[in-house]
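In the working numbering, the protein residues as written are 222 to 617.
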Ligand code: FES
Ligand SMILES: [Fe+2]
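See the structure below:
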């Protein structure tokens with residue numbers, strides 16, 4: 222993040238604290254509860270946002286070395302992601318060209334050749350068919366026509382992108398818009414994958430997204446946890462076309478008041494939370510980023526899950542080898558895991574409770590307040606993408 226922007230954000234947060242004010246969306250809006258329960262809408266979302274749109278599948282650190290791979294089926298197709306010996310990122314349909322068996326079962330690992338479990342056809346991590354056992358019995362196989370089917374893939378700004386449709390146009394800069402230079406400035410490609418977890422939730426996937434959309438709840442829901450480090454109901458907020466950025470306010474911001482602005486560093490004062498349309502939250506912290514990807518279970522409006530991946534600053538990772546400084550490494554790891562457990566035990570528990578309340582039929586709409594602009598933006602953005610009108614403004 223540019224220095225001038227860091228200072229603008231920190232000054233803005235200090236101003237909100239000093240004046241007991243917060244970011245203001247300018248109005249309240251109503252979100253119909255059918256957004257979370259409609260089978261027709263869930264079907265449209267699955268089609269438009271997951272099956273036929275570019276997907277963030279991880280950070281560069283998910284494929285740390287030549288030969289690294291991971292697999293995913295999160296957007297409805299089996300996908301194999303690899304890094305070849307030139308360091309290039311590839312994505313393929315994870316499907317053997319002989320009889321269609323899923324080629325690789327493991328979630329992640331290292332392999333230069335992927336061997337099909339059915340008859341042992343082998344493929345390189347560039348997708349080439351390199352082995353056909355007993356070809357003298359099977360008959361000749363034209364290697365050039367039986368490579369793995371490639372999907373459009375790109376590694377940009379430290380993010381790994383895949384388009385689920387073969388031959389589709391994958392325009393990462395169009396996805397990121399004005400946010401691209403700022404994401405580039407974080408040099409996300411340098412962080413090392415350090416672990417992941419998956420949370421299943423009995424709720425609409427957008428309720429999970431909503432939990433990242435305001436800090437109004439911090440002093441209540443997180444009073445014993447996050448609120449120890451973060452001021453509730455204070456944030457700077459900016460939109461970048463379909464994406465947005467919330468800047469949370471660390472209590473440590475007060476220590477910066479004694480320092481000249483030249484010495485201010487944004488991660489000492491704030492936790493940046495980037496939302497990438499439609500389902501990704503990227504959270505920056507001093508130890509490294511956390512990537513949260515939220516998915517519906519296909520067309521089911523009532524069930525979803527979150528993939529949460531942690532990445533470490535290599536400088537902090539190196540502390541693990543130094544017995545004298547290992548404690549610092551463990552602190553950072555603990556903080557990241559603690560953050561994930563707050564998401565599961567507090568945010569997602571509250572959101573699943575909302576889902577129960579929503580399906581009860583108690584009300585026709587939910588209310589998003591003036592201090593919750595990210596919720597206004599997110600819901601209006603995906604509604605526009607589905608051809609729906611914007612949320613009703615409440616006049617008061
Ligand atoms: S299905 Fe893969 S080798 Fe036969
Ligand atoms: Fe929360």
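Beta carbons are placed, not taken as given, at the ideal position from N, Cα and C, and that holds for glycine. Quick caveat: nothing in here was measured; it's all calculated off a predicted structure.
With 16 or more other Cβ atoms from the protein chains shown falling within 10 Å of its own Cβ, residue 396 counts as buried.
Checking the 7 angstroms criterion, the Cβ of residue 322 is within range of a heavy atom belonging to ligand 1. The closest heavy atom of ligand 1 lies 7 angstroms or more from the beta carbon of residue 335. Taking 8 angstroms as the upper bound for CB-CB distance, residue 494 and residue 433 are in contact here, some 6 angstroms apart.
DSSP places residue 541 in no alpha helix (DSSP H); its state is neither H nor E. Beta bridge pairing from DSSP links residue 470 with 452, 491. Burial check for residue 584: the Cβ neighbour count within 10 Å stays below 16, so the residue is exposed.
Closest in alpha carbon position to residue 262, among 517, 416, 251, is 517. At a Cβ-Cβ threshold of 8 angstroms, residue 405 and residue 378 count as neighbours. For residue 304, the enclosing beta strand (DSSP E) covers residues 300-304.
Residues 567, 568, 571 of the same chain have their beta carbon placed closer than 8 angstroms to that of residue 442, with the five preceding and five following residues left out of the count. At least one heavy atom of ligand 2 lies less than 7 angstroms from the C-beta of residue 438. For residue 586, the secondary structure class from DSSP, reduced to helix, strand or coil, is strand. Judged by DSSP secondary structure, residue 428 falls within the alpha helix (DSSP H) whose first and last residues are 426-431. The beta carbon of residue 341 sits closer than 7 angstroms to at least one heavy atom of ligand 1.
For the 8 angstroms CB-CB criterion, residue 607 and residue 254 do not form a contact. Distances from the CB of residue 568 to the heavy atoms of ligand 2 include at least one below 7 angstroms. Only buried fits residue 252, as 16 or more other CB atoms lie within 10 angstroms of its CB. In this structure residue 304 is not in contact with residue 313, their Cβ atoms being roughly 13 angstroms apart against a cut-off of 8 angstroms.
Between the beta-carbon of residue 422 and that of residue 573 there is about 6 angstroms, and that keeps the pair under the 8 angstroms contact cut.
In the structure shown, the three-state DSSP call for residue 517 is strand. If you check the CB distance, residue 447 and residue 563 come in under 8 angstroms. Judged by DSSP in its simplified three-state form, residue 581 adopts coil rather than helix or strand. Closest option to residue 297, judged by alpha-carbon separation, among 290, 445, 267: 267. In the DSSP assignment, residue 598 falls outside any beta strand (DSSP E) and lies within the alpha helix (DSSP H) extending over 594-606.
Here residue 242 carries a coil assignment [DSSP, helix/strand/coil]. Residue 471 has its CB no nearer than 7 angstroms to any heavy atom of ligand 2. Between residue 559 and the set 506, 394, 456, 236, the nearest pair of CA atoms involves 506. Taking the Cβ of residue 319 as the reference point, at least one heavy atom of ligand 1 falls within a distance shorter than 7 angstroms.
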